[in-house]
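Sequences listed follow chains A and B, in order. Quick note on my numbering: the first sequence kicks off at 1 and runs consecutively. Quick note on my numbering: the second sequence kicks off at 1 and runs consecutively. The structure under discussion appears below in the form of structure tokens.
Number of protein chains: 2
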Amino acid sequence: MKRTRFDDWPCPIARATDLIGDWWTPLVMRDLFFGRRRFDAIQESLRIPRAVLAARLERLVDEEMVVKVAYEDRPPRYEYRLTDKGRDFWPVLAAMWRWSADWLFDAAGPPVVLKNRETGRVVNPIVVDEDTGAPVDLRTIRVGRPPH
Amino acid sequence: MKRTRFDDWPCPIARATDLIGDWWTPLVMRDLFFGRRRFDAIQESLRIPRAVLAARLERLVDEEMVVKVAYEDRPPRYEYRLTDKGRDFWPVLAAMWRWSADWLFDAAGPPVVLKNRETGRVVNPIVVDEDTGAPVDLRTIRVGRPPH
DNA sequence: GCGAGTAGGTTCGCTTATTGAACGAACCCA
DNA sequence: TGGGTTCGTTCAATAAGCGAACCTACTCGC
Chain A
1 MKRTRFDDWP CPIARATDLI GDWWTPLVMR DLFFGRRRFD AIQESLRIPR AVLAARLERL
61 VDEEMVVKVA YEDRPPRYEY RLTDKGRDFW PVLAAMWRWS ADWLFDAAGP PVVLKNRETG
121 RVVNPIVVDE DTGAPVDLRT IRVGRPPH
Chain B
1 MKRTRFDDWP CPIARATDLI GDWWTPLVMR DLFFGRRRFD AIQESLRIPR AVLAARLERL
61 VDEEMVVKVA YEDRPPRYEY RLTDKGRDFW PVLAAMWRWS ADWLFDAAGP PVVLKNRETG
121 RVVNPIVVDE DTGAPVDLRT IRVGRPPH
């Protein structure tokens, strides 16, 4: 039996899960965000099986999260770069980072943190409503039909 | 070969991916957030294989995202309820929701939206720095060691 | 008392995915 | 000629996912 697909479900969470809901894709995206662009660099960083990395990158290219760019013709060499769609995924990883740092580490917290590139201050991501700035938590949210 | 585990990696994204990085767990969490608490309700909603749902729920209980509560003794009946750790995961799904709604649907957008429970207004989640309120995007963030 | 129904799973046989290691292809340099 | 680099593919074995059927422990209607 093939894996169940969610990529045509009406729920946004389902479609996103179809795309990044596996054990390697979020980490591949993380490496791309951190500036690793070459196959071997990602493979060594994650120690991911090469066949799996090739399959994940192919899927990300198909979905236009990433483009494969030749940076050298002879010998042919390629690198993988984030598209706008891919870059815009970063806040999702930032939200995951925050939750994980809060709940999956001991009291000392993780050995790495997010910092503002200019001020150097530690950044703690939270998720808020774009219009009101109010934190998005379950008690204040419901699901409904789009207006009109 | 066993699946590679990330749950002791120093990177928060890796640990979170180990826990929710599969094709069903985010959707199980979604159902719990939407108030489905019983095994059969989740199974029918997602049409997930029963064995897979049992394994996912067991993992979520082990990780203390969810507690299994008997709500009836004879006959024995159970339901699954989110813990604080589980409820705090909602912003991650909200960030996924926003990205997915922006990039994985046609111009009309998804047929469901998030709304403020009181005002009824549409909520568009964004990820910002808790202290400054500045949007968290890749250009302004770097990774560093925690202070001190 | 007996069969049907319900909730919450487990077991079964089969298909697909993941794994580490080895192998290729296409070029470079000495 | 022989190695090195980069970007993969192929391989056999193991693990995970799949739908369907089955199990347990009750309740209810007759």
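Cβ coordinates follow ideal geometry from the N, Cα and C atoms, glycine included.
Under the 10 Å beta carbon count, residue 34 of chain B is surrounded by fewer than 16 other beta carbons and is classified as exposed. Assigned with DSSP and collapsed to three states, residue 16 of chain B falls in helix.
Contact note: residue 2 of chain A does not reach chain B at a C-beta cutoff of 8 Å; the least C-beta distance is about 12 Å.
Listed along chain B is no residue with a C-beta nearer than 8 Å to that of residue 45 of chain A; the closest approach is about 10 Å.
By DSSP's assignment, residue 72 of chain B forms a beta bridge with B:77. Contact with chain B is found for residue 117 of chain A, since one of that chain's Cβ atoms lies less than 8 Å from the residue's Cβ. Looking at A:23, A:5, A:24, the one whose alpha-carbon comes closest to that of residue 15 of chain A is A:5. Partner residues in the beta bridge of residue 129 of chain A, as assigned by DSSP, are B:125. Counting the other Cβ atoms within 10 Å of the Cβ of residue 25 of chain A gives 16 or more, which makes it buried.
Within 9 Å of the CB of residue 146 of chain B, the CB atoms of chain A belong to 108, 109, 110, 111, 112, 113, 122, in sequence order along the chain. Residue pairing of residue 42 of chain B in beta bridges, as defined by DSSP: absent, with no partner found. Residues of chain B whose Cβ lies closer than 7 Å to the Cβ of residue 33 of chain A are, in chain order, 138. Residue 92 of chain B reaches chain A at 95, 96, 99, counting residues in chain order whose Cβ is nearer than 7 Å.
In this structure, the alpha-carbon of residue 79 of chain A lies about 13 Å from that of residue 60 of chain A.
Residue-level contact check: residue 57 of chain A does not touch chain B, since none of the beta carbons of chain B fall below 8 Å from its beta carbon. Contact between the region 127-146 of chain A and the region 105-117 of chain A is absent, with fewer than three C-beta pairs closer than 8 Å. At least one beta carbon of chain A lies nearer than 8 Å to the beta carbon of residue 131 of chain B. Residue 114 of chain A is bridged by DSSP to B:143. Beyond the five residues adjoining it in sequence on each side, residue 56 of chain A comes within less than 6 Å, by CB distance, of 24, 25, 28 in the same chain, given in chain order. Straight through space, the alpha carbons of residue 100 of chain B and residue 44 of chain B are spaced by roughly 24 Å. The Cβ-Cβ distance between residue 22 of chain B and residue 21 of chain A falls below 8 Å.
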